[in-house]
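*Asks:* Numbering (my numbering) for the sequence shown: 3 to 231.
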Amino acid sequence: MKIGIVSDGKFGDRAFEIISKRFPTEWIMAHFPQSMVVDDLELALPECDLYLSYVRHPDVALAVIEKQKPVILGVSFGPGFLRQAKAINENIVAPVTMCSLEDNTWVPEINEFSKVFGKPSFEVQVRGDGTIDSVRVIRGSPCGSTVEASAELPGMHVCEDQLRHYGLRICHFCRAPRFGKTCDKEVSGLLHVRELVRAIAAAAPDAGTALASFTQEIENEIDTKTIRS
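(1) What three-state label does DSSP hand Ser-102 in the structure shown?
(2) Can you list, in chain order, the residues of its chain with a C-beta nearer than 8 Å to that of Phe-13? Leave out the 5 residues immediately preceding and following it.
(3) Looking only at its own chain, which residues have a Cβ that is under 6 Å from the Cβ of Ala-87, when we skip the five neighbours before and after it?
(4) Decide if Ile-202 is buried, meaning its Cβ has at least 16 other Cβ atoms within 10 Å, or exposed.
(5) Start and end of the beta strand (DSSP E) containing Asp-135?
(6) For the pair the stretch 103 to 110 and the stretch 153 to 169, tell me if three or more CB-CB distances fall below 8 Å.
(7) Please state the DSSP three-state secondary structure of Thr-27.
(8) Should the stretch 125 to 139 be regarded as contacting the stretch 12 to 32, the criterion being three or more beta carbon pairs within less than 8 Å?
(9) Can you check which of these residues, Gly-6, Ala-214, Leu-84, is closest to Glu-49 by C-alpha distance?
(10) Quick check: what's the CA-CA separation for Gly-169 versus Phe-216?
(11) Do you know offhand how far His-194's Cα is from Phe-83's?
(12) What would DSSP say about Val-95, mapped onto helix, strand or coil?
(13) Nearest to Arg-85 by CA position, among Pro-60, Thr-211, Gly-120, Lys-69, is which residue?
(14) Express the C-alpha separation of Ser-143 and Gln-70 in angstroms, rounding to a whole number.
Here's what the structure looks like:
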């Protein structure tokens, strides 16, 4: 499967670097219009099976969508835009963050991509003293933040403070744009913490039980920060 990453130069460079290690990937530069509304926009795209759009102008994003190929919107423009886009091409997803993608959509190409990149999935080994022995990233964010931050986990004591620190490290490496009512970096950090805690609970049920109230707190924060108008 060939993936085309469409960018106007602001976002997507790290994703290209990471994704190209797993899929044939092409970097496609698009012009960023200065006008709010663009008429007769022509966008030439090389043939790809799936496009990831990191463009910041809605009319350019629509030009990608009009190619009638599956599209993941790395930069979204809200539910109204998504409804307009789906009227043109139904094979589109606009995840809250790129690390919230799951391989359960109706589009085979998006599912294939999301088996490798998307909602974090971990295999964790926990020592008897409550420290993390090892972490294997099964699925992670396309910007590489999952792998980078998780490399620091071995030796970490499983507790709320250290898990919060892990979330901050995700934010440090994250490349999510600061659009919308909340910083998507914060959402990314919370999603990673939630999935890491789930993996810890699977490996060490007693640790999972001890973190039950913290887990609910994280869920509540995710719900609050992902509310869309």
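The beta-carbon is built from N, C-alpha and C at its ideal position, and this holds for glycine as well.
This structure is a prediction, so every number in the text was calculated from the model and none was measured.
*Replies:* Let me spell this out:
(1) Your numbering for residue 102 matches position 100 in the sequence shown. It is helical.
(2) The residue given as residue 13 occupies position 11 in the sequence shown. The residues are Tyr-56, Arg-58, Gly-76, Val-77, Arg-177, Pro-179.
(3) What you label residue 87 is simply residue 85 of the sequence shown in a count that begins at 1. Hits under 6 Å: Ile-67, Ile-94.
(4) Residue 202 sits at position 200 when you count from the first residue of the sequence shown. Label assigned to Ile-202: buried.
(5) Taking the sequence shown and counting its residues from 1, the one referred to as residue 135 is at position 133. Where Asp-135 is concerned, the enclosing beta strand (DSSP E) stretches over 134 to 141.
(6) no
(7) Here the question's residue 27 lines up with position 25 in the sequence shown. Three-state result, Thr-27: strand.
(8) no
(9) Here residue 49 is taken as the residue at index 47 of the sequence shown, counted from 1. If we check each option's Cα against that of Glu-49, Gly-6 comes out closest.
(10) Sequence index remark: in the sequence shown, residue 169 carries index 167 (1-based). Sequence index remark: in the sequence shown, residue 216 carries index 214 (1-based). Their Cα atoms are separated by approximately 13 Å.
(11) Counted from its first residue, the sequence shown places residue 194 at position 192. Counted from its first residue, the sequence shown places residue 83 at position 81. About 27 Å.
(12) The residue labelled residue 95 in the question sits at position 93 within the sequence shown. In this structure, Val-95 counts as strand in the three-state DSSP scheme.
(13) For the purposes of this step, residue 85 is identified with residue 83 of the sequence shown, where counting begins at 1. Among Pro-60, Thr-211, Gly-120, Lys-69, the Cα nearest to that of Arg-85 is on Pro-60.
(14) Sequence index remark: in the sequence shown, residue 70 carries index 68 (1-based). Sequence index remark: in the sequence shown, residue 143 carries index 141 (1-based). Cα to Cα, Gln-70 sits roughly 25 Å from Ser-143.
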